[in-house]
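*Asks:* Residue numbers (this note's numbering): 133 to 470.
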Amino acid sequence: MKARLAAKNGDVRLRRVDVAELAIERRRNGRGFLYVRDGRRVADERLLHRFKRLAVPSAYEDVRYAESPNAHIQAIGRDSAGRIQYRYHPDWDKRREQRKARRLKELVRLLPKIRRALGRHLRDKELTREFALAAVIDLIALTALRPGSEVYAREHGTRGAATLLKSDVTLRGDRIALKFRGKGGKLIEREVKSRRLAKAIKRLQALPGKRLFQYRTADGAVAVARRRDANDLLHAIASADISLKDFRTLIACARALETLVKIEPKPSDAGRRRQLKECFCVVSEELANTPAICRKSYVHAVVVQSFENGSLLAMARRKAAGGEAMLRTLLNVASDAR
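1) Going by beta carbon distance, what residues of the same chain come within less than 8 Å of residue 245, once the five residues before and after it are set aside?
2) Tell me which residue opens and which closes the alpha helix (DSSP H) that residue 264 is part of.
3) So, do the stretch 286-297 and the stretch 305-314 have three or more beta carbon pairs nearer to each other than 8 Å?
4) Consult DSSP for residue 223 and reduce its assignment to one of helix, strand or coil.
5) Mark residue 400 as exposed unless 16 or more other C-beta atoms lie within 10 angstroms of its C-beta, in which case mark it buried.
6) Judging by CA-CA distance, which residue of 174, 257, 339 and 423 is the nearest neighbour of residue 198?
7) Work out the CA separation of residue 260 and residue 351 for me, nearest whole Å.
8) In the DSSP assignment, what residue or residues form a beta bridge with residue 87?
9) Can you tell me whether residue 189 is buried or exposed, with buried defined as 16 or more other CB within 10 angstroms of its CB?
10) Can you tell me whether DSSP reads residue 459 as helix, strand or coil?
11) What whole-angstrom Cβ distance do residue 518 and residue 258 have, given they're in contact under 8 Å?
12) May I have a chain-ordered list of the beta strand (DSSP E) segments no shorter than 3 residues that lie completely inside the stretch 151-210?
13) So for residue 229, helix, strand or coil by DSSP?
14) Residues in the same chain with beta-carbon distance under 7 Å from residue 210, minus the five sequence neighbours each way, listed in chain order, please.
15) Name the residue from 235, 164 and 152 whose alpha carbon lies nearest to the alpha carbon of residue 367.
16) Residue 320 lies in the beta strand (DSSP E); which residues open and close that run?
17) Go through its chain and collect everything with a Cβ distance to residue 338's Cβ below 6 Å, but skip five positions before and after it.
18) When the Cα of residue 159 is compared with those of 152, 168 and 151, which residue comes out closest?
19) Skipping 5 residues on each side, what residues in its chain have a beta carbon closer than 7 Å to that of residue 363?
20) On the criterion of 16 or more Cβ atoms from any shown chain inside 10 Å, does residue 218 qualify as buried, or is it exposed?
21) Grab the span of the beta strand (DSSP E) containing residue 294 for me, first residue to last.
22) Give the secondary structure of residue 439 by DSSP, where H, G and I count as helix, E and B as strand, and everything else as coil.
23) DSSP state of residue 328, grouped into three classes?
24) Could you check if residue 232 is buried or exposed, using at least 16 other CB atoms within 10 Å of its CB as the buried criterion?
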């Protein structure tokens, strides 16, 4: 795939590249490594210095690097679990965080509109497609569950919100208890209180079939609600480029903020790292993911930075705003950053 101009940031023009263009291979050589391109050893000191700075773990296999210092992907490798891991250009990471902030800021702004629309659909007298999809969205917005993949459900028996079975859910009045195997076979247990959603789930349980989120078609047949359709409904409601995953990201940021705002940063770098590690363990419980993934993919960097530089604690001490308003302020700063 031919490289395309990705963006401009100051004097740096990044090139968006396909992984097939990462043509320099890392090969083991005694206790170290050598680097090979087209069968010939790479000796360029500038390249070798850049590869060293990327700090791809020595345990990674099938490691390849970009020759260009402006490629948006700088390196890839396969970790011990067989997963492909990426090293991006720092300016690409910065731009990605800006995009994340803009999406989250838009989601926060649209939350009242989304909640009102979901409420209207959940008041439908019939178990329509929109009723079932609104219930999926509402559940994700409350619990940060993964949306759910039909492929994972079929091939691995693991579940997300849209693919839950009736047997995965227990109702106790307005409390909804969930217990199921999620991605990677991890046991997920959640309990949430919502009179509106509990009432909707009780109605959905009356439909025939094992799946929880189903609906009646125009001809009276029962069909399952799918993640893709829930995303489409969310787009239609919000009239904006947001997705179900954005709810997970928003909840992750909110939990991190709630945790860090109560803590005074330690004076040492090591002390702050320990505090952040504890925070991401809390967030990982909420998202059923690893602390490392929560930090890398969900919690916005501005939340971490505002904790480390003390501005988060200063905001809390001024009592100028509640948690949601503080998050909105931080996202405004992050999305406008250059």
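A virtual CB, placed ideally from N, CA and C, is assigned to each residue, including glycine. Remember, predicted model here, so these are calculated numbers, not experimental data.
*Replies:* Here's the rundown:
1) As a working note, residue 245 is residue 113 in the sequence shown. Contacts found: 369 and 370.
2) Position 132 of the sequence shown, counted from the start, is the residue given in the question as residue 264. Looking at the DSSP string, the run of the alpha helix (DSSP H) that includes residue 264 is 261-275.
3) yes
4) Locating residue 223 in the sequence shown gives position 91, counting from the first residue. In the structure shown, residue 223 sits in a helix (DSSP, three-state: H, G or I).
5) As a working mapping, residue 400 is identified with position 268 in the sequence shown. With fewer than 16 other Cβ atoms within 10 Å, it is exposed.
6) By one-based count along the sequence shown, residue 198 stands at place 66. Of the candidates 174, 257, 339 and 423, the one whose C-alpha sits nearest the C-alpha of residue 198 is 174.
7) Sequence index remark: in the sequence shown, residue 351 carries index 219 (1-based). Sequence index remark: in the sequence shown, residue 260 carries index 128 (1-based). Their backbone Cα atoms lie some 12 Å apart in a straight line.
8) The requested residue 87 is not part of the displayed model; the chain covers only 133 to 470.
9) By 1-based counting over the sequence shown, the position of residue 189 is 57. That one is exposed.
10) Here the question's residue 459 lines up with position 327 in the sequence shown. Looking at residue 459 - three-state DSSP - the assignment turns out to be helix.
11) Past the edges of the chain, shown from 133 to 470, lies residue 518, and the structure says nothing about it.
12) 156-161, 164-169, 193-197 and 205-210
13) Taking the first residue of the sequence shown as 1, we reach residue 229 at position 97. If DSSP states are grouped into helix, strand and coil, residue 229 belongs with the helices.
14) Locating residue 210 in the sequence shown gives position 78, where the first residue counts as 1. Cβ within range, chain order: 192, 193, 194 and 216.
15) On the sequence shown, position 235 is the one that residue 367 refers to. Nearest C-alpha to residue 367: 235.
16) In the sequence shown, the residue the question calls residue 320 occupies position 188. Taken as a continuous stretch (DSSP letters only), the beta strand (DSSP E) holding residue 320 covers 319-325.
17) Here residue 338 is taken as the residue at index 206 of the sequence shown, counted from 1. Around residue 338: no qualifying Cβ.
18) For this step, residue 159 is matched to residue 27 along the sequence shown. Ranking the options by Cα distance to residue 159, first place goes to 168.
19) Stepping through the sequence shown from its first residue, residue 363 is reached at position 231. Excluding residues within five positions, the ones whose Cβ falls inside 7 Å are 375 and 376.
20) To locate residue 218, count along the sequence shown from 1; it is residue 86. Exposed is the call here.
21) As a first step, residue 294 must be located in the sequence shown, where it is residue number 162. Neither: residue 294 is in no beta strand (DSSP E) and is coded neither H nor E.
22) Taking the sequence shown and counting its residues from 1, one reaches residue 439 at position 307. Residue 439: helix per DSSP, three-state reduction.
23) As a first step, residue 328 must be located in the sequence shown, where it is residue number 196. The answer is helix: DSSP assigns residue 328 an H, G or I state.
24) Along the sequence shown, read from residue 1 onward, the residue named residue 232 stands at position 100. Classification for residue 232: buried.
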